[in-house]
Amino acid sequence: MAAFLFVFIVILIFVFYNFHYKRKGLPPGPIPLPFFGNSLTLMRHPPGEDIFLEWRQRFGPIFTFWLGETPVICIAEYNKIVEYYQRGGEAFAGRHAIEAYERIIRGGIYGVLQTEGEIWREHRRFVLHVFRDFGVGKNIMQERILTEISEMFKLLDLEINEQQKLNEIEIDIVKHLERAISSIINVLLVGFRFDEEAILFDLWISGQETTTTALSWGIALLLHNPSVMEKVQEELDNKFGNEQELVSWSDRSSLPYTCAVVNEILRVGNVVAQDFPHRMMKDTKVDKWLLRKGQPIVAQISVVLVDPNISPGDSFPSLKREIGIPVLCPKFTCRVIKRWKKTIQI
């Protein structure tokens with residue numbers, strides 16, 4: 129009897145701790161399982177934006193979900209993200225890095241994605257220096273990119289011609305995209321010391337894979353929306369005629385429809401289902417909750433991208449609305465949606 133009573137008390141304490149005490153003072157959210165938290169739920173709903181949208185509808189724009197025994201505060205509404213991340217400054221600028229993982233991957237916590245404070249500023253200065261030397265924002269950058277694109281088109285034409293001779297047309301476009309993008313990024317990497325490569329690793333990961341995936345999404349979406357593709361082609365023909373000229377960054381002001389379609393591709397083909405979590409740098413009040421220093425927090429942009437109040441569907445809509453574009457918040461790497469104050473018929 130005493131043993132049964134002891135076990136009952138232990139279970140009661142465990143239940144009280146797991147379902148009440150450890151959640152005290154945090155925003156509401158789904159009930160976490162012991163040890164697993166809400167990880168199993170996320171695994172059952174890949175890539176995750178659907179379940180985050182459901183949680184937002186149930187618990188509000190700010191809620192708590194659990195990764196194992198770690199609570200993560202999620203902000204899943206555009207206005208709240210701007211209010212706290214963009215205007216909150218350094219309080220939200222910490223990084224929630226898994227130290228053991230970072231040491232295995234790159235020998236320590238380096239780069240602009242996982243560092244914070246003075247180390248982050250030093251790495252950021254280095255990245256800006258790399259971009260400046262490479263020619264970002266200048267014609268030389270554009271020329272290098274256009275050269276790689278021209279080479280990619282030549283290889284595509286050659287492969288298409290070869291397959292036409294065999295009465296087959298089946299091109300692995302992703303292979304060509306990866307080759308072109310990798311070539312551009314490799315120009316960034318050449319000539320830097322080994323200790324700098326830990327920082328350049330972020331440039332590679334955030335540049336090569338995401339760009340290739342976004343372009344692949346663009347091709348797939350255009351193929352499934354031929355009317356949109358025809359309108360893009362019509363706008364390009366009106367701008368360039370029959371000239372074999374590549375589109376450059378300076379042409380964007382005269383290609384509003386094409387730019388709108390590109391922005392829609394980035395929204396629909398969101399390549400980051402779950403954003404990088406940050407951590408609080410100091411005690412900060414978020415709505416009615418006081419979040420303590422060190423608390424992990426994430427701006428769940430994938431929910432904003434599929435928010436029916438902002439974007440009325442999963443594919444190119446045929447109505448007038450403001451177009452959302454992904455940008456970087458000031459001072460730290462966090463993607464948010466900035467409304468483009470321009471109404472375009474798409």
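Residue numbers (the working numbering): 129 to 474. Beta carbons: idealized from backbone N, C-alpha and C, even for Gly.
Residue i - containing beta strand (DSSP E), residue span
{"i": "Lys-413", "result": "412-414"}
{"i": "Phe-191", "result": "190-195"}
Enclosing alpha helix (DSSP H) for residue i [first to last residue]
{"i": "Val-200", "result": "Run containing Val-200: none in the alpha helix (DSSP H); it sits in the beta strand (DSSP E), 198-203."}
{"i": "Lys-208", "result": "206-209"}
{"i": "Tyr-145", "result": "130-147"}
{"i": "Phe-180", "result": "177-187"}
{"i": "Ile-429", "result": "429-433"}
{"i": "Arg-172", "result": "167-172"}
Option in the options with minimal Cα separation from residue i
{"i": "Asn-437", "options": "Pro-189, Val-389 and Phe-281", "result": "Pro-189"}
{"i": "Glu-298", "options": "Ala-130, Leu-305, Glu-287 and Arg-223", "result": "Glu-287"}
{"i": "Met-280", "options": "Glu-290, Ser-376, Asn-289 and Lys-303", "result": "Lys-303"}
{"i": "Asp-435", "options": "Leu-374, Asn-207, Gln-214 and Phe-144", "result": "Asn-207"}
{"i": "Arg-215", "options": "Arg-420, Val-414, Leu-419 and Thr-275", "result": "Val-414"}
{"i": "Phe-191", "options": "Asn-398, Val-399, Ser-311 and Pro-160", "result": "Pro-160"}
{"i": "Ala-204", "options": "Asn-289, Ala-401 and Ile-137", "result": "Ala-401"}
{"i": "Glu-276", "options": "Asn-289, Gln-291, Leu-305 and Asp-285", "result": "Leu-305"}
{"i": "Trp-377", "options": "Ile-139, Ile-273 and Val-138", "result": "Ile-273"}
{"i": "Leu-351", "options": "Val-389, Gln-291, Phe-134 and Tyr-145", "result": "Val-389"}
{"i": "Ala-342", "options": "Asn-398, Pro-354 and Ser-355", "result": "Asn-398"}
{"i": "Glu-337", "options": "Leu-364, Pro-354, Ile-309 and Asn-353", "result": "Ile-309"}
{"i": "Val-219", "options": "Trp-417, Lys-416 and Asp-411", "result": "Residue identity differs from the one stated: residue 219 is Ala in this sequence, not Val. Closest by alpha carbon: Asp-411."}
{"i": "Met-409", "options": "Gly-422, Trp-194 and Leu-256", "result": "Gly-422"}
{"i": "Pro-155", "options": "Phe-187, Gly-217 and Lys-367", "result": "Phe-187"}
{"i": "Arg-184", "options": "Leu-195, Phe-134, Gly-157 and Leu-374", "result": "Gly-157"}
{"i": "Ser-311", "options": "Asn-289, Asp-285, Gln-291 and Ser-278", "result": "Ser-278"}
{"i": "Leu-170", "options": "Asn-146, Leu-195 and Phe-147", "result": "Leu-195"}
Outcome for residue i when other beta-carbon atoms lying within 10 angstroms are tallied against a minimum of 16
{"i": "Ala-131", "result": "exposed"}
{"i": "Gly-222", "result": "buried"}
{"i": "Asp-323", "result": "Unreliable positioning characterises Asp-323 in this predicted model, as indicated by a pLDDT of 44, which lies under 50. The coordinate reading is nonetheless provided below. By the 10 Å Cβ count, Asp-323 comes out exposed."}
{"i": "Asp-300", "result": "exposed"}
{"i": "His-224", "result": "buried"}
{"i": "Tyr-212", "result": "buried"}
{"i": "Arg-463", "result": "Note that Arg-463 scores a pLDDT of 38, beneath 50, so its modelled location is shaky and nothing firm can be said."}
{"i": "Val-426", "result": "buried"}
{"i": "Leu-419", "result": "buried"}
{"i": "Phe-320", "result": "At Phe-320, the pLDDT of 46 sits below 50, so the modelled position is not reliable; the number obtained from the coordinates is stated separately. Classification of Phe-320: exposed, given that the 10 Å Cβ count is below 16."}
{"i": "Leu-354", "result": "Here residue 354 is Pro; the residue named in the question, Leu, does not match the sequence. Exposed: under 16 other Cβ atoms inside 10 Å."}
{"i": "Thr-340", "result": "buried"}
{"i": "Phe-193", "result": "buried"}
{"i": "Gly-369", "result": "exposed"}
{"i": "Val-356", "result": "buried"}
{"i": "Ile-141", "result": "exposed"}
{"i": "Leu-256", "result": "exposed"}
{"i": "Ile-137", "result": "exposed"}
{"i": "Lys-448", "result": "Its pLDDT being 41, under 50, Lys-448 is placed unreliably in this model, and the coordinates cannot settle the point."}
{"i": "Ile-209", "result": "buried"}
{"i": "Val-135", "result": "exposed"}
{"i": "Phe-147", "result": "exposed"}
{"i": "His-173", "result": "exposed"}
Quiz item: Are there three or more Cβ pairs, one per stretch, closer than 8 angstroms when the stretch 421-441 is compared with the stretch 171-190?
Solution: Counting C-beta pairs closer than 8 angstroms gives three or more between the stretch 421-441 and the stretch 171-190, which meets the contact rule.
Practice problem: With a floor of 3 residues, list each beta strand (DSSP E) that falls wholly inside the stretch 350-425, ordered by position along the chain. | Solution: If only complete runs of 3 or more residues are kept, the stretch 350-425 shows the beta strand (DSSP E) at 412-414 and 417-419, in order along the chain.
Quiz item: Are the stretch 380-387 and the stretch 357-364 touching, with three or more C-beta to C-beta distances below 8 angstroms?
Solution: At 8 angstroms Cβ cutoff, the stretches touch.
Quiz item: Do the stretch 195-205 and the stretch 162-171 meet, that is, are 3 or more Cβ pairs less than 8 angstroms apart?
Solution: The stretch 195-205 is in contact with the stretch 162-171.
Quiz item: Hey, is the stretch 141-156 in contact with the stretch 397-406, meaning 3+ C-beta pairs nearer than 8 angstroms?
Solution: Result no; under three Cβ-Cβ pairs closer than 8 angstroms.
Quiz item: When the Cβ atoms of the stretch 343-355 are set against those of the stretch 386-400, are three or more pairs found closer than 8 angstroms?
Solution: Output reads yes: the stretch 386-400 touches the stretch 343-355.
Quiz item: Which whole runs of the beta strand (DSSP E) in the stretch 270-310 are 3 residues long or more, in chain order?
Solution: Runs of beta strand (DSSP E) with 3 or more residues, each lying fully within the stretch 270-310, are absent.
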